[in-house]
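One structure below.
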Amino acid sequence: PEDCRVYEFAEKVGHSTGEVIKILFGLGKMVTKNDFLEKDEIEILADEFGVEVETINPLDELDYVAAYDAIPDEYLEERPPVITIMGHVDHGKTSLLDKIRETKVAEREAGGITQHVGAYQVEKDGKKITFIDTPGHEAFTEMRARGAQATDIVIIVVAADDGVKPQTIEALNHAKAAEVPMVIAINKIDKPDANPDMVKSQLAELGYMPVDWGGEYEFVEVSAKTGQGIDDLLETILLQAEIMELKANPKRNAKAVVIESSLEKGRGPVATVIVKNGTLHVGDHVICGRTFGRVRTILNDLGKQIKELGPSDPGVVVGLNEVPDAGEIMVAMDSDKQVRELAQKRAEYLRQKELSKSTKVTLDELGNLI
Ligand code: GTP
Ligand code: MG
Numbered sequence: 020p021e022d023c024r025v026y027e028f029a030e031k032v033g034h035s036t037g038e039v040i041k042i043l044f045g046l047g048k049m050v051t052k053n054d055f056l057e058k059d060e061i062e063i064l065a066d067e068f069g070v071e072v073e074t075i076n077p078l079d080e081l082d083y084v085a086a087y088d089a090i091p092d093e094y095l096e097e098r099p100p101v102i103t104i105m106g107h108v109d110h111g112k113t114s115l116l117d118k119i120r121e122t123k124v125a126e127r128e129a130g131g132i133t134q135h136v137g138a139y140q141v142e143k144d145g146k147k148i149t150f151i152d153t154p155g156h157e158a159f160t161e162m163r164a165r166g167a168q169a170t171d172i173v174i175i176v177v178a179a180d181d182g183v184k185p186q187t188i189e190a191l192n193h194a195k196a197a198e199v200p201m202v203i204a205i206n207k208i209d210k211p212d213a214n215p216d217m218v219k220s221q222l223a224e225l226g227y228m229p230v231d232w233g234g235e236y237e238f239v240e241v242s243a244k245t246g247q248g249i250d251d252l253l254e255t256i257l258l259q260a261e262i263m264e265l266k267a268n269p270k271r272n273a274k275a276v277v278i279e280s281s282l283e284k285g286r287g288p289v290a291t292v293i294v295k296n297g298t299l300h301v302g303d304h305v306i307c308g309r310t311f312g313r314v315r316t317i318l319n320d321l322g323k324q325i326k327e328l329g330p331s332d333p334g335v336v337v338g339l340n341e342v343p344d345a346g347e348i349m350v351a352m353d354s355d356k357q358v359r360e361l362a363q364k365r366a367e368y369l370r371q372k373e374l375s376k377s378t379k380v381t382l383d384e385l386g387n388l389i
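In the numbering used here, the protein residues as written are 20 to 389.
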C-alpha cells in the first residue's frame with residue numbers, strides 16, 4: 020500500500036520496526052513507528068529487504084465518489100441541461116437570467132454586483148433548464164472556473180455596446196478548458212450604441228467564428244431589458260442539449276455537486292447543490308467531503324420547501340454537520356451508519372496524514388535545530 024505506517028510495513032515484510040527505522044535513519048529520515056511511509060521510501064525499503072510490493076491507493080476505499088461512479092447505471096432517463104452563464108462584469112448576466120425567470124434578482128443585489136453563484140431552473144416548452152449565474156467581477160475567477168466544471172453548456176454574455184473584455188476572454192478560456200460547448204449571447208441589443216457586428220468580429224478574431232459567418236459558434240442577439248431574442252437563446256440551448264443526449268438515473272442514490280455553501284443563522288450549514296445523478300430526498304444520509312449529515316430540509320430556487328431533487332435540479336440542502344467546500348461532491352448512502360463510519364475513516368486518515376507530515380523530520384532539519 021502507498022500509505023502504510025512504519026510498523027505496518029515492518030509486520031508485512033516480517034522485519035522488526037527497529038530495522039525499518041534504522042534503514043530510514045541511514046537515509047537521513049527520522050521516523051517513528053506510527054508515521055506513514057512515502058511511496059519512494061517504501062520502494063527503497065522493499066529493495067533493501069528483497070521483497071516485492073504492490074502499491075495501491077489507500078484512498079480508494081475512502082473515495083466515495085469513485086465508488087459511486089463504479090456502479091453502472093442500468094436505467095437512464097433524459098435529464099435537463101445545466102447551463103452556466105459567464106461573462107464580463109455588468110454585461111447583463113443576472114438581468115438576462117431575471118428576464119428568463121421573470122424575476123428581479125439583479126435589483127436586490129448589493130451594488131448590482133453578483134458576489135456568489137446562484138442556481139435556478141426554468142421551463143421552456145415543457146422542458147426544464149437549469150441555470151448557474153456567476154459573478155463577472157475579476158475577483159471571482161475561482162467561482163467561474165467551478166461554474167464551468169459543473170455545467171453542460173456555457174453561455175458567454177457579451178454586451179453589444181462594450182464588446183469583448185478581460186473576463187469575457189477568461190470565461191471563454193474556462194469553457195474551453197472544461198471542454199463544454201458554448202453559446203454566445205450578445206446582450207443589450209436594445210441600446211442605441213449596440214454594435215453586435217463588432218462583438219462578432221472581435222470573437223471571430225479570437226477563433227470563435229459565428230455560424231452565419233461560416234463558423235461553428237452559435238451567436239444569439241438578446242436584450243435582457245426588452246426580452247428580445249430570449250426565446251431564440253433558449254431554443255438554441257435546448258437544441259444543443261438534445262444533440263448531447265444528456266441522461267441520468269433518477270432511481271438511484273443521489274450524487275450532487277456543491278455550487279456554494281455558507282453558515283446561516285438558525286439553519287446551520289447550508290449548501291446549494293445541483294444533482295448530477297440519482298434523486299436526493301429529505302431524510303437521506305449524505306457524505307460531502309469532510310462533512311456529513313441527514314438532509315433535513317431541501318429548498319428550491321424560490322425558497323420553497325420541497326421533498327426531493329432529481330437529476331440536474333438545483334436546490335439548497337440543510338442538515339450537514341459542517342459547511343462543505345464549494346466544488347465538493349455530495350453522495351447519499353443507504354444508512355446513517357454507513358455515512359458515519361466512512362466519515363470517521365476519512366477524517367482519521369486525513370488527520371493522520373497531516374500529523375505524519377508535521378512530525379516527520381529529516382536529519383537536515385534536525386541539523387538546523389541543533
Ligand atoms: P455581474 O454579476 O456583477 O458580473 O454583472 P451582470 O453581468 O450580472 O450584470 P447585471 O445583470 O447586474 O446588469 C448590469 C447593468 O446592465 C444593469 O444596470 C442592467 O440594468 C443593465 N442591463 C443588463 N442587460 C441589459 C440590456 O439588455 N439592455 C440594457 N439597456 N441594459 C441592460
Ligand atoms: Mg450578475
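The C-beta atom is built at its ideal place from N, Cα and C for all residues, glycine as well.
7 Å Cβ shell around residue i - same chain, five flanking residues per side excluded
{"i": "His-110", "result": "Gly-155, Val-176, Val-177, Ala-178, Asp-181 and Asn-206"}
{"i": "Ile-208", "result": "Ala-179, Pro-215, Glu-240, Val-241, Ser-242, Gln-247 and Gly-248"}
{"i": "Ala-366", "result": "Arg-309"}
{"i": "Gln-221", "result": "Gly-182 and Val-183"}
{"i": "Lys-244", "result": "Asp-209"}
{"i": "Tyr-87", "result": "Lys-274 and Val-350"}
Assigned exposure category for residue i - 16 Cβ within 10 Å defines buried
{"i": "Asp-83", "result": "It is Tyr, not Asp, that sits at residue 83 in the sequence shown. With 16 or more Cβ atoms within 10 Å of its Cβ, Tyr-83 is classed as buried."}
{"i": "Arg-127", "result": "exposed"}
{"i": "Thr-170", "result": "buried"}
{"i": "Leu-258", "result": "exposed"}
{"i": "Phe-44", "result": "exposed"}
{"i": "Ile-389", "result": "Unreliable placement is indicated for Ile-389, whose pLDDT of 46 sits below 50; the coordinate value is still reported in the next sentence. When all chains shown are included, Ile-389 counts as exposed."}
{"i": "Val-358", "result": "buried"}
{"i": "Arg-163", "result": "buried"}
{"i": "Gln-186", "result": "buried"}
{"i": "Glu-60", "result": "buried"}
{"i": "Phe-28", "result": "buried"}
{"i": "Glu-96", "result": "exposed"}
{"i": "Pro-91", "result": "exposed"}
{"i": "Met-263", "result": "exposed"}
{"i": "Gly-285", "result": "exposed"}
{"i": "Thr-160", "result": "exposed"}
{"i": "Pro-211", "result": "exposed"}
{"i": "Leu-225", "result": "exposed"}
{"i": "Ala-196", "result": "exposed"}
{"i": "Thr-113", "result": "buried"}
{"i": "Asp-152", "result": "buried"}
{"i": "Asp-54", "result": "buried"}
{"i": "Ala-138", "result": "buried"}
{"i": "Asn-268", "result": "buried"}
{"i": "Leu-56", "result": "buried"}
{"i": "Ala-85", "result": "exposed"}
{"i": "Val-230", "result": "exposed"}
{"i": "Ala-194", "result": "buried"}
{"i": "Lys-31", "result": "exposed"}
{"i": "Lys-266", "result": "exposed"}
{"i": "Arg-315", "result": "exposed"}
For residue j and residue i, believed in contact at Cβ under 8 Å, the rounded distance
{"i": "Thr-291", "j": "Glu-279", "result": "5 Å"}
{"i": "Ala-351", "j": "Asp-320", "result": "Not confirmed; about 21 Å, so no contact."}
{"i": "Lys-326", "j": "Val-301", "result": "5 Å"}
{"i": "Leu-116", "j": "Leu-361", "result": "Between Leu-361 and Leu-116 the Cβ distance is about 37 Å, and since that is not below 8 Å, they are no contact."}
{"i": "Val-277", "j": "Cys-307", "result": "7 Å"}
{"i": "Gln-168", "j": "Pro-333", "result": "Actually they are not in contact, since the Cβ atoms of Gln-168 and Pro-333 sit about 15 Å apart, beyond 8 Å."}
{"i": "Val-173", "j": "Thr-103", "result": "5 Å"}
{"i": "Val-50", "j": "Ile-40", "result": "6 Å"}
{"i": "Leu-476", "j": "Leu-253", "result": "This structure cannot speak to residue 476, because the chain is shown only from 20 to 389."}
{"i": "Ile-203", "j": "Phe-238", "result": "5 Å"}
{"i": "Ala-273", "j": "Gly-297", "result": "4 Å"}
{"i": "Leu-339", "j": "Gly-322", "result": "So it is not a contact: roughly 19 Å between Cβ atoms."}
{"i": "Ser-331", "j": "Val-101", "result": "5 Å"}
{"i": "Ile-166", "j": "Met-105", "result": "Per the sequence shown, residue 166 should be read as Gly rather than Ile. Contact holds; Cβ gap of about 6 Å."}
Below-8 Å beta-carbon distance, residue i vs any chain D residue
{"i": "Glu-38", "result": "Here there is only one protein chain, and chain D is not present."}
Residues near residue i by beta carbon distance below 6 Å, same chain, minus five either side
{"i": "Lys-270", "result": "Tyr-94"}
{"i": "Glu-341", "result": "Pro-288 and Thr-310"}
{"i": "Gly-145", "result": "none"}
{"i": "Val-335", "result": "Val-289, Thr-291 and Leu-318"}
Neighbourhood of residue i by C-beta, 8 Å cutoff - its chain only, sequence neighbours within 5 removed
{"i": "Glu-19", "result": "Outside the shown range of the chain, which is 20 to 389, sits residue 19, and nothing can be said about it."}
{"i": "Leu-369", "result": "Arg-309"}
>> Please give the ranges of any alpha helix (DSSP H) in the segment 225-290, keeping only runs that are unbroken, at least 4 residues long and fully inside the region.
In response: Taking 4 residues as the shortest admissible run, the segment 225-290 contains the following complete alpha helix (DSSP H) segments, listed from N- to C-terminal end: 249-263.
>> Extract the residue ranges of the alpha helix (DSSP H) inside the segment 163-232, only unbroken runs of 4 or more that lie entirely within it.
In response: Annotation note: the segment 163-232 contains the following uninterrupted alpha helix (DSSP H) runs of length 4 or greater, listed N- to C-terminal: 185-196 and 215-224.
>> In chain order, what are the residue ranges of uninterrupted beta strand (DSSP E) at least 3 long that sit wholly in the segment 303-381?
In response: Listed in chain order, the complete beta strand (DSSP E) runs (minimum 3 residues) inside the segment 303-381 are 304-307, 310-318, 333-339 and 348-352.
>> I'd like the ranges of any alpha helix (DSSP H) spanning at least 4 consecutive residues and lying wholly in the segment 40-76.
In response: Whole alpha helix (DSSP H) segments, 4+ residues: 58-68.
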